[in-house]
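A.B. asks: Below are the structure tokens for one structure; questions will follow.
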Amino acid sequence: MTDPALSNPRTVGPRPRRRAWAVIGERALETVIRASGVSAILFVLAIFFFVFREAAPVLFSDDFNFLEFLFSAQWYPTSDINVRYGTWALTVGSFSVTALAMVLAVPFGLGAAIYISEFSGPRQRETLKITIELLAAIPSVVWGFIGLTVMSRIIVALTGAPVGVNLLNGGLILALMSVPIIVSIGEDALKAVPDSYREAAQALGATRWQIVFRVLLPAAKNGLLAAVLLGVGRAVGETMAVLMATGHAVHLPHSLVDSVRTLTANIAAELGEAPVGSSHYQVLFLTGVLLFCITFAVNLTADLVIRGVRRK
Amino acid sequence: MSRHILRVAQILFLGGLSAGLGALLLPTGCGGGAGPEPATTSIQVKGSDTMVNVAQAWAEEYRKVEPTVAVEVSGGGSGVGIAALERGTIDIATASRNMKPDEIERTRRNTGKEPMEFVVGFDALAVYVNKENPINEIALEQLAQIFAEGGTITKWSQLGVSIPGVSDDTIVQVSRQSSSGTYEFFREHVLNKKDFKLGSRDMNGSKEVVELVGTTKTAIGYSGMGYATLAVKMLKVARKAGEPAVAPTVENTLNKSYPLARSLQAYTLGEPQGAVKKYIDWMLSDAGQKILQESGYVPIPTGGKST
Amino acid sequence: MAVVSLAATRFTKTALAARKERAEAVAKWAFFGMAVAMIIPLVAIIAYLLYRAAPSLSLEFLVEMPRRGMREGGIWPAFIGTLYLVVISLAVSAPIGVLAAIYLNEYARDTWFNRLINLAVINLAGVPSIVHALFGLGAFVYAAKFGYSIVAASLTLAIMTLPVIIASTREALASVPMAFREACWNVGATRWQTIKAVVLPNSISGILTGVILQVSRAAGETAPIMFTGAVFFKAIQPGTVFPYRLQDQCMALSMHLYTVSTQIPNVKESIPYATAIVLLGTVLLVNVSAIGLRVWLRNRKRW
Numbered sequence: 001m002t003d004p005a006l007s008n009p010r011t012v013g014p015r016p017r018r019r020a021w022a023v024i025g026e027r028a029l030e031t032v033i034r035a036s037g038v039s040a041i042l043f044v045l046a047i048f049f050f051v052f053r054e055a056a057p058v059l060f061s062d063d064f065n066f067l068e069f070l071f072s073a074q075w076y077p078t079s080d081i082n083v084r085y086g087t088w089a090l091t092v093g094s095f096s097v098t099a100l101a102m103v104l105a106v107p108f109g110l111g112a113a114i115y116i117s118e119f120s121g122p123r124q125r126e127t128l129k130i131t132i133e134l135l136a137a138i139p140s141v142v143w144g145f146i147g148l149t150v151m152s153r154i155i156v157a158l159t160g161a162p163v164g165v166n167l168l169n170g171g172l173i174l175a176l177m178s179v180p181i182i183v184s185i186g187e188d189a190l191k192a193v194p195d196s197y198r199e200a201a202q203a204l205g206a207t208r209w210q211i212v213f214r215v216l217l218p219a220a221k222n223g224l225l226a227a228v229l230l231g232v233g234r235a236v237g238e239t240m241a242v243l244m245a246t247g248h249a250v251h252l253p254h255s256l257v258d259s260v261r262t263l264t265a266n267i268a269a270e271l272g273e274a275p276v277g278s279s280h281y282q283v284l285f286l287t288g289v290l291l292f293c294i295t296f297a298v299n300l301t302a303d304l305v306i307r308g309v310r311r312k
Numbered sequence: 001m002s003r004h005i006l007r008v009a010q011i012l013f014l015g016g017l018s019a020g021l022g023a024l025l026l027p028t029g030c031g032g033g034a035g036p037e038p039a040t041t042s043i044q045v046k047g048s049d050t051m052v053n054v055a056q057a058w059a060e061e062y063r064k065v066e067p068t069v070a071v072e073v074s075g076g077g078s079g080v081g082i083a084a085l086e087r088g089t090i091d092i093a094t095a096s097r098n099m100k101p102d103e104i105e106r107t108r109r110n111t112g113k114e115p116m117e118f119v120v121g122f123d124a125l126a127v128y129v130n131k132e133n134p135i136n137e138i139a140l141e142q143l144a145q146i147f148a149e150g151g152t153i154t155k156w157s158q159l160g161v162s163i164p165g166v167s168d169d170t171i172v173q174v175s176r177q178s179s180s181g182t183y184e185f186f187r188e189h190v191l192n193k194k195d196f197k198l199g200s201r202d203m204n205g206s207k208e209v210v211e212l213v214g215t216t217k218t219a220i221g222y223s224g225m226g227y228a229t230l231a232v233k234m235l236k237v238a239r240k241a242g243e244p245a246v247a248p249t250v251e252n253t254l255n256k257s258y259p260l261a262r263s264l265q266a267y268t269l270g271e272p273q274g275a276v277k278k279y280i281d282w283m284l285s286d287a288g289q290k291i292l293q294e295s296g297y298v299p300i301p302t303g304g305k306s307t
Numbered sequence: 001m002a003v004v005s006l007a008a009t010r011f012t013k014t015a016l017a018a019r020k021e022r023a024e025a026v027a028k029w030a031f032f033g034m035a036v037a038m039i040i041p042l043v044a045i046i047a048y049l050l051y052r053a054a055p056s057l058s059l060e061f062l063v064e065m066p067r068r069g070m071r072e073g074g075i076w077p078a079f080i081g082t083l084y085l086v087v088i089s090l091a092v093s094a095p096i097g098v099l100a101a102i103y104l105n106e107y108a109r110d111t112w113f114n115r116l117i118n119l120a121v122i123n124l125a126g127v128p129s130i131v132h133a134l135f136g137l138g139a140f141v142y143a144a145k146f147g148y149s150i151v152a153a154s155l156t157l158a159i160m161t162l163p164v165i166i167a168s169t170r171e172a173l174a175s176v177p178m179a180f181r182e183a184c185w186n187v188g189a190t191r192w193q194t195i196k197a198v199v200l201p202n203s204i205s206g207i208l209t210g211v212i213l214q215v216s217r218a219a220g221e222t223a224p225i226m227f228t229g230a231v232f233f234k235a236i237q238p239g240t241v242f243p244y245r246l247q248d249q250c251m252a253l254s255m256h257l258y259t260v261s262t263q264i265p266n267v268k269e270s271i272p273y274a275t276a277i278v279l280l281g282t283v284l285l286v287n288v289s290a291i292g293l294r295v296w297l298r299n300r301k302r303w
């Protein structure tokens, strides 16, 4: 305390010089750090570039019709007489499985998020969150295996459907896979609602039920929407589980127990088969570009929605 | 305390960084350093899903014959094996169909070598139905009506079959994913090159076909005869309605009376050399053929040789 | 009316209060049911898989070679292959991921460019695994000429799991109070010195958690390695710990589960289940240890 240097700032000497190599090392390190930060952008661009590069030739070939690619349900990639690349049935397959999964996962996911953030005690909350984390950790091939072996038998027994690997099976599996992400993002959104809202509502005599529906859900709706969107992104992009559980039939589904094929599963099943550089191979990469764009759009929207929340 | 953790993490981090850099640099060099066993030779085998099981059984057994040779087996389909051979990235391509002229041409152009074909065995493509299905035989044109685009048979009753305990007897067709050798063979020999009806369940592996047929009473599917299980039965197949139907057996395959029999091929780039040659010779030897038969395929008649 | 009865029976419930309480209880139980509906599948799945796998589960199953066309025996080559893939992908993605997170949290100002980086990270996490597979095939197998190999597969996995590390490291860094940094800057430390001396020691637990989660994610993925370096079968020397070279292809647990359940006929009933249990067990064990670490270190937190 009585150090003269401290009592009189003027006597403080120049800062001890750091050795030159320390300064250079630090600069170098900071450059590496910056480069790593930028790498995320590079990777995303690289993914798009390399996938698009393999797909590009088919886009510019004469006998390829982009509208037919998007809107025809005729998928005959290896036909001897008439090759047709129509992904409509696959797109419908992807979206019907995803829609079914969301119908199941959204109420349960949001309900669980509400319970965790509003009703549970700290110990219970911790247990539930860990469980959900573990649920999220189950690898997709294990989910697919469960769909193939366990779920398919249950479905045949319960619905009398001829085949157990179908839309319903895939939907159930995907619902279980996307619930964790809906719960964790949804809970974050609810936590972000200021406590003063709850207190005000309580002071007016609202029950917690009313608080949830009249106050929290409207206040957190953007965050909850983002949670659902991220769940959708997860479900659309899932590959192994739907490959094993949906029955893999190119086919516009008419009922819950029809088999379908998704865009992702189609790539996984046929990529190994398609001769490298053939138009079939290129079309599969083009499907990859399509998937990339779909998930990009979904994630971008989710991000904008969340950002909107933060602004407020 | 957390200082210690930091120290440990720092070491791990630097170790990881150097290992990562090493991993990036290594494959360009010879890269022998990471393998502790010196002088192991890898033979890469890729191709037919029909043959992947026997290829695996061979690889497993060959380890005992030649401990310094490690055989890598991947499936994916006949098409993928041949495509990889065209690029020269593998040693042996297995295929349940013959190479097409344009594939041979591409191989010549890309690698400057002539693909060599070895017939390593035979397989009967069996038509499977559920064990509880009373049907016992079927004609090729009936199969075509069931599977081909525009085919008129959609219900078992049209074949005069009623399956006990089933209310909706719509036929569930189980097929393979397009461009597997099995799929192409079936299209060529049963559907006369017409396309399949959309809506068939296109399974990814031969086993999945048989499993699905085994759990679905109204299903019909096709797969190599080696895949039979207790839950399914193999139909006798007639070339034409009215002609005698033939069961898929070893004899009927060899004397060509079974209509859906095919040969199984292995392709190499040019005349095989060294370890690859030894491996193929061993496949064709009695020991190799015995394994083939145990895996559920039909061995080459004694004295059979490569074509 | 409610007011009157409230005055008259001061300590008994009014009809309104009772209704409110009932509604409250109903709400609580309804939401509780939804939360529990997620625990049930987890427990049921694990229990069922364990039950079916029981006949094959043993230490031998883990360390033995597959036999008789993978219908019997163990899963050693697949297990080791997964280890290879995980370790190499970790070696690549952990440094890049941690540094990227440091950049985003400690250096980046709120400019359009850095928002772009954020967006890229979010999208990297959202890219479907099969698209990563296409990328790995196009970029590493063909363009970089690594061929189908452990390196190509690991690099694909590394890029795929990068967002996991970035996200959790960022969270860990962000949880270090700003005041700590300010105190350090005020004594004249540079940005990097501050990070090294103050920020990292205080956030190392969270960073490790992220790294561990990356391991679990990488171990479970199938699609990205299916087309870049995982094989159906590879014969290796029994008992060796380093059977693969980096330019070889390898077997992997997740791929093995896929092949035994879709491709191999007449496999012993319990083997696919046992493979699933080993894969699931490995992944969950890794996750539980991450959670354990997090809880333990959070309890020791001093601020």
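Top line first, the protein sequences correspond to chains P, S and Y.
So in our numbering, the last one in the first sequence is 312, and the numbering has no gaps at all.
So in our numbering, the last one in the second sequence is 307, and the numbering has no gaps at all.
So in our numbering, the last one in the third sequence is 303, and the numbering has no gaps at all.
All residues carry an ideal CB built from backbone N, CA and C; glycine is no exception.
(1) Across which residues does DSSP place Phe233 of chain Y in a beta bridge pair?
(2) Who pairs with Pro194 of chain P in a beta bridge, going by DSSP?
(3) Just to confirm my understanding: we take Asn133 of chain S, look at its own chain, exclude 5 residues before and 5 after, and list those with CB closer than 6 Å. What are they?
(4) Which residues of chain Y have a Cβ atom closer than 9 Å to the Cβ of Glu208 of chain S, listed in chain order?
(5) Does the beta carbon of Gly147 of chain Y sit closer than 8 Å to a beta carbon anywhere in chain P?
(6) Phe118 of chain S: buried (16+ other C-beta within 10 angstroms of its C-beta) or exposed?
(7) Along the alpha helix (DSSP H) that carries Leu269 of chain S, what are the first and last residues, could you check?
(8) Candidates P:Val51, P:Glu118, P:Ile41: which alpha carbon is nearest Tyr142 of chain Y's?
(9) Suppose you measure from the CA of Thr228 of chain Y to the CA of Arg153 of chain P; what does that come to, to the nearest Å?
(10) Compute the Euclidean distance between the alpha carbons of His302 of chain P and Gln210 of chain P, then round it to the nearest angstrom.
(11) What whole-angstrom Cβ distance do Ala113 of chain P and Leu252 of chain P have, given they're in contact under 8 Å?
(12) Would the segment 165–183 of chain P and the segment 257–269 of chain P be scored as touching if the rule is three or more Cβ pairs under 8 Å?
(13) Measuring only between beta-carbons, confirm whether Gly35 of chain S sits less than 8 Å from chain Y.
(14) Between the Cα of Glu238 of chain P and the Cα atoms of P:Ala249, P:Ser94, P:Val38, which residue gives the shortest distance?
(15) For a contact meaning CB atoms closer than 8 Å, what does Asp49 of chain S contact in chain Y?
(16) Roughly how many angstroms lie between the CA atoms of Gly121 of chain S and Lys290 of chain S, to the nearest whole one?
(17) Short check: CB of Ala175 of chain P to CB of Ala241 of chain P, under 8 Å?
(18) Check whether chain P comes within 8 Å of Tyr51 of chain Y, counting only Cβ atoms and requiring the distance to be less than that.
(19) Measuring straight from C-alpha to C-alpha, what distance separates Val172 of chain S and Ala124 of chain S?
(20) For Ile92 of chain S, which beta-bridge partners are listed by DSSP?
(21) By a C-beta neighbour count over all protein chains shown, 10 Å radius and 16 as the cutoff for buried, is Ser295 of chain S buried or exposed?
(22) Taking contact to mean at least 3 C-beta pairs separated by less than 8 Å, is the segment 16–27 of chain Y in contact with the segment 104–113 of chain Y?
(23) Residues bridged to Trp75 of chain P by DSSP?
(24) DSSP puts Ser223 of chain S in a beta bridge; with which residues?
(25) For Val199 of chain Y, decide whether its Cβ has a neighbour in chain S, counting only Cβ atoms nearer than 8 Å.
(26) Residues of chain Y with CB under 7 Å from Ala52 of chain S, in chain order?
(27) Going along chain S, which residues have a C-beta under 7 Å from Ala27 of chain Y?
(28) So Gly121 of chain P contacts chain Y; which residues on that side make the cut at Cβ distance below 8 Å?
(29) From which residue to which residue does the alpha helix (DSSP H) around Ile40 of chain Y run?
(30) For the 8 Å Cβ check, are there 3 or more pairs between the segment 260–275 of chain S and the segment 73–91 of chain S?
(31) Can you check which of these residues, S:Gly47, S:Ile104, S:Glu184, is closest to Val80 of chain S by C-alpha distance?
(32) Please state whether DSSP places Asp188 of chain P in a helix, a strand or coil.
(33) Can you tell me whether Phe50 of chain P sits near the ligand NAP, meaning its C-beta is under 7 Å from at least one heavy atom of the ligand?
(34) For Glu149 of chain S, does the three-state DSSP call read helix, strand or coil?
(35) Note down, in chain order, each residue of its chain lying with its Cβ closer than 7 Å to the Cβ of Leu176 of chain S, except the 5 sequence neighbours on either side.
(36) Of all the CB atoms in chain S, is at least one closer than 8 Å to the CB of Ala249 of chain P?
C.D. replies: Well, looking at it:
(1) Here residue 233 of chain Y is taken as the residue at index 233 of the third sequence, counted from 1. Answer is S:Val73, bridged to Phe233 of chain Y.
(2) As a working note, residue 194 of chain P is residue 194 in the first sequence. Note: Pro194 of chain P sits in no beta bridge, so no partner.
(3) Counted from its first residue, the second sequence places residue 133 of chain S at position 133. Result list for Asn133 of chain S: Ile163, in chain order.
(4) Residue mapping note: residue 208 of chain S aligns to position 208 of the second sequence, counting from 1. Neighbours of Glu208 of chain S on chain Y, chain order: Ser261, Thr262, Gln263.
(5) As a working note, residue 147 of chain Y is residue 147 in the third sequence. So, not an interface residue.
(6) Position 118 of the second sequence, counted from the first residue, corresponds to residue 118 of chain S. Under this definition Phe118 of chain S is a buried residue.
(7) Locating residue 269 of chain S in the second sequence gives position 269, where the first residue counts as 1. No alpha helix (DSSP H) contains Leu269 of chain S, which is instead part of the beta strand (DSSP E) from 261–269.
(8) For this step, residue 142 of chain Y is matched to residue 142 along the third sequence. Nearest of P:Val51, P:Glu118, P:Ile41 to Tyr142 of chain Y, Cα basis: P:Val51.
(9) Along the third sequence, one-based indexing puts residue 228 of chain Y at 228. Along the first sequence, one-based indexing puts residue 153 of chain P at 153. If I take the Cα positions, the gap works out to 33 Å.
(10) Position 302 of the first sequence holds residue 302 of chain P. Position 210 of the first sequence holds residue 210 of chain P. First, the amino acid is wrong: residue 302 of chain P is Ala here, not His. Distance between the alpha carbons of Ala302 of chain P and Gln210 of chain P: 27 Å.
(11) The residue you call residue 113 of chain P lines up with position 113 of the first sequence. The residue you call residue 252 of chain P lines up with position 252 of the first sequence. 34 Å between Cβ atoms; not a contact.
(12) A contact exists between the segment 165–183 of chain P and the segment 257–269 of chain P.
(13) Walking along the second sequence from the start, residue 35 of chain S turns up at place 35. In this predicted model, Gly35 of chain S has a pLDDT of only 40, less than 50, meaning its place in the structure is not dependable; the value taken from the coordinates is given anyway. Closer than 8 Å: yes.
(14) Stepping through the first sequence from its first residue, residue 238 of chain P is reached at position 238. Of the candidates P:Ala249, P:Ser94, P:Val38, the one whose C-alpha sits nearest the C-alpha of Glu238 of chain P is P:Ser94.
(15) Looking up residue 49 of chain S in the second sequence gives position 49. Within chain Y, the residues near Asp49 of chain S are Gln263.
(16) To locate residue 121 of chain S, count along the second sequence from 1; it is residue 121. To locate residue 290 of chain S, count along the second sequence from 1; it is residue 290. One C-alpha to the other measures close to 11 Å.
(17) On the first sequence, residue 175 of chain P is found 175 positions in, with the first residue counted as 1. On the first sequence, residue 241 of chain P is found 241 positions in, with the first residue counted as 1. Going by C-beta atoms, Ala175 of chain P is not nearer than 8 Å to Ala241 of chain P.
(18) Here residue 51 of chain Y refers to the residue found at position 51 when the third sequence is read from its first residue. No, its Cβ sits nowhere closer than 8 Å to a Cβ of chain P.
(19) In the second sequence, the residue the question calls residue 172 of chain S occupies position 172. In the second sequence, the residue the question calls residue 124 of chain S occupies position 124. Whole-angstrom Cα-Cα distance: 22 Å.
(20) Mapped onto the second sequence, residue 92 of chain S falls at position 92. Answer is S:Val45, S:Thr268.
(21) Counted from its first residue, the second sequence places residue 295 of chain S at position 295. Per the 10 Å Cβ criterion, buried.
(22) When C-beta atoms of the segment 16–27 of chain Y are compared with those of the segment 104–113 of chain Y, fewer than three pairs fall below 8 Å, so the two segments do not count as touching.
(23) As a working note, residue 75 of chain P is residue 75 in the first sequence. P:Tyr85, per the DSSP bridge assignment.
(24) The count along the second sequence starts at 1 and reaches residue 223 of chain S at position 223. The partner list for Ser223 of chain S (beta bridge, DSSP) reads S:Ala126.
(25) As a working mapping, residue 199 of chain Y is identified with position 199 in the third sequence. By this cut-off, Val199 of chain Y is not an interface position.
(26) Against the second sequence, residue 52 of chain S aligns to sequence position 52. Inspection of the sequence shows that residue 52 of chain S is occupied by Val rather than by Ala. Those are Phe232, Gln263, listed as they occur along chain Y.
(27) Residue mapping note: residue 27 of chain Y aligns to position 27 of the third sequence, counting from 1. Neighbours of Ala27 of chain Y on chain S: none; closest Cβ ~42 Å, over 7 Å.
(28) Mapped onto the first sequence, residue 121 of chain P falls at position 121. Ordered by position in chain Y, no residue passes the 8 Å Cβ test against Gly121 of chain P, which lies about 12 Å from the chain.
(29) Working through the third sequence from its first residue, we reach residue 40 of chain Y at position 40. From DSSP, the alpha helix (DSSP H) with Ile40 of chain Y extends over 15–53.
(30) yes
(31) For the purposes of this step, residue 80 of chain S is identified with residue 80 of the second sequence, where counting begins at 1. The option with the nearest alpha carbon to Val80 of chain S is S:Gly47.
(32) The count along the first sequence starts at 1 and reaches residue 188 of chain P at position 188. Residue state, collapsed to three classes: helix.
(33) With respect to the ligand NAP, the structure offers nothing, as it holds no ligand at all.
(34) Along the second sequence, one-based indexing puts residue 149 of chain S at 149. Coil at Glu149 of chain S, not helix or strand.
(35) For the purposes of this step, residue 176 of chain S is taken as residue 176 along the second sequence, with counting starting at 1. Note that residue 176 of chain S is Arg in the sequence shown here, rather than Leu. Answer for Arg176 of chain S: Thr182, Tyr183, Asp202, Met203, Val209, listed in chain order.
(36) Your numbering for residue 249 of chain P matches position 249 in the first sequence. So yes, Ala249 of chain P belongs to the interface.
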